[in-house]
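Everything below concerns the one structure shown next.
Residue numbers (the working numbering): 11 to 109.
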């Protein structure tokens, strides 16, 4: 069976795929961090949802990258998972200041 990570590496060779992936990289990264925080706290999606007064389907949408959480929601998740929310602006490859 082919691993998704292997397919992803292969697909990154395609310029159109690479551009689309790069465009969504921030959303993928956020979704991954949300999953890590929840899993690190030992919570299921339903348990985290209960702790922040929402539904499991909302957590699933956030973790799937299908929803953009507010800063307030991210703060609730950080508090519930015993983590600290840190938002930063980082340079993009190349000279982003003049893009």
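Every residue gets a Cβ at the ideal spot worked out from N, C-alpha and C, and that includes glycine.
DSSP-derived helix/strand/coil call for residue i
i	result
residue 71	helix
residue 77	coil
residue 100	coil
residue 52	coil
For residue j and residue i, believed in contact at Cβ under 8 Å, the rounded distance
i	j	result
residue 47	residue 91	4 Å
residue 31	residue 22	7 Å
Buried or exposed (CB count within 10 angstroms, at least 16 for buried), residue i
i	result
residue 59	buried
residue 102	exposed
residue 87	buried
residue 49	exposed
For residue i, the first and last residue of its enclosing alpha helix (DSSP H)
i	result
residue 23	Element bounds for residue 23: n/a, residue is neither H nor E.
residue 58	55 to 61
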